[in-house]
Structure formats: C-alpha cells, structure tokens
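First the structure, in the form of structure tokens, and then the observations on it.
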Amino acid sequence: MSVKHAILALLSSEPSSTYQLCKRFDASTGQSWPLNIGQASSTLQRLERDGLVVRDDTETDGESGGQPWRLTSKGADDLQVWWERPVVAEQRGRGELVVKLALATVTPGVDVLALVQRQRSTTQRTLHDLTRLRRQADDFVGQLVLDHHLFLTEAELRWLDHIEGTLGRRAEVRSDADAAITAEPSPVSNAKGRR
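Numbering of the sequence shown is given in numbering that gives the first Met the number 0, commencing with residue 0 and proceeding in unit increments.
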C-alpha cells in the first residue's frame, strides 16, 4: 500500500491536518489498516520536501491545533499518474506462510501435514471473523475492503487444501516406490539362487 498516494488522494478533496488525515484514512479503508500518526507525519515531511504538498499557513485546524496540509499542482500530477497506473503485485511468494511451508517441505523432522492443518484452522477462524464483520459492515468502503480480505482468505484455504492433496499424492508415490523396491529381488540374491 502506498501511504504516499493515499495521503495525496485524501488531500485532493480537501486540505487536512495530520490528525485529520489519519482519521480520514482509517475511515476510507474501513478501519482495516490504521495509519499511525508517526508514519503519516514522516510521509508528509517527505512529500513536502519533494514539493507534492505544502502547509496551509492561512488556517489552523481547531480540532487538533495543527496546520492543514494542501496538495500542490505537482502533487496532483503525481496522484493522477498513480490513478492511471495499474497495481502490480510485489514480491510474490515472499510472504511468511509461503516461505515457512516451502522450508518445511525440505527440512527433515518437520511434520508438514500438521503445519498445514494448524494453519488451516487459524485461517478458517480468520474467515469466520471476517464473515461476521462483513455482515455488520454498513458502509460501502468497509464492505469493499472486507470483501478483499475474504477473497484472499478463501484463496489461502484453497491453497492449503491443494498443498495437503499434493503431500498425500507424494506420500502415495513414495510408498508405492518403497514397496516396489522391497518386492524386487536383489541381483545378489538372484545370483545365489542360480548356483
């Protein structure tokens, strides 16, 4: 998520103090990812340095006592480019769960099937909680964000099912191969039997 562009988008509709931006960000993302005031402040300082936002010296926000930030024309141009550019998923396969399961399959002594089952239980609880929250969400933005989380969680469950099925098939193949090796007479025993 680009905090930079989220702040620019919020400022495109109206000037806001840092505190107001955090509140508006939380509301616009359905409270699913709160923006820390420290993160907002440091991002705003970088945006100011780059000429994308300025402090509005003409007003003081009575609610938080801070001066509102305002979008510059350079900031509006940068935001427009962001709106027009599709989002490309970054770092596919680098999530902790992906790495954990990948390493578990090549590390001796790790019960990968038990790991998958524990993860599935946790993911199912998450799905249950998200479904409950989705039923309670009464605003469009909250529903939109929760739907995204629901779809990702459902996809994770399908992926875990796939892994479990793949592990089962691999175990069957190994078991069949081990049985075939055990059933075949060794060349040494065949040679002894022919004498």
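Yeah, the Cβ is synthetic: ideal placement off N, Cα and C, and Gly gets one too.
Excluding the five sequence neighbours on either side, which residues of its own chain have a C-beta within less than 6 Å of the C-beta of residue i, listed in chain order?
i, result
"alanine 103", "Val109, Val111 and Leu114"
"leucine 46", "Val52"
"glycine 164", "none"
"tryptophan 81", "His4"
CB residue i to CB residue j, shorter than 8 Å?
i, j, result
"leucine 96", "glutamine 123", "no"
"leucine 159", "glutamine 118", "yes"
"valine 105", "threonine 28", "no"
"threonine 130", "leucine 151", "no"
"leucine 78", "alanine 26", "no"
Can you tell which of the options has the C-alpha that lies nearest to the C-alpha of residue i?
i, options, result
"isoleucine 162", "Thr71, Asn35, Lys99 and Arg84", "Lys99"
"threonine 121", "Val80, Glu153, Leu10 and Ala136", "Glu153"
"serine 31", "Ala170, Arg168, Arg169 and Gly141", "Gly141"
What is the C-beta distance between residue i and residue j, in whole angstroms, given that I count them as a contact (C-beta under 8 Å)?
i, j, result
"glycine 74", "leucine 51", "4 Å"
Leaving out the 5 sequence neighbours to the left and right, which residues in its chain are closer than 8 Å to residue i when beta-carbon positions are compared?
i, result
"threonine 42", "Val2, Lys3 and Ile6"
"arginine 133", "Gln142, Leu145, Asp146 and Leu149"
"arginine 69", "Leu10, Pro14, Val52, Val53, Arg54 and Asp55"
"leucine 20", "Ile6, Leu9, Leu10, Leu34, Ala39, Leu43 and Trp68"
Would you verify that the beta carbon of residue i is, or is not, closer than 8 Å to some beta carbon of chain D?
i, result
"glutamate 13", "The structure shown contains no chain D, having only a single protein chain."
Can you list, in chain order, the residues of its chain with a C-beta nearer than 7 Å to that of residue i? Leave out the 5 residues immediately preceding and following it.
i, result
"threonine 125", "Thr152"
"glutamate 171", "none"
"threonine 71", "Gly50, Leu51, Val52 and Val53"
"phenylalanine 24", "Ala5, Leu9 and Leu34"
Query raised in the report: Along the chain, which unbroken stretches of the beta strand (DSSP E) at least 3 residues long are found entirely within the region 24 to 89?
Result: Whole beta strand (DSSP E) segments, 3+ residues: 52 to 54 and 68 to 70.
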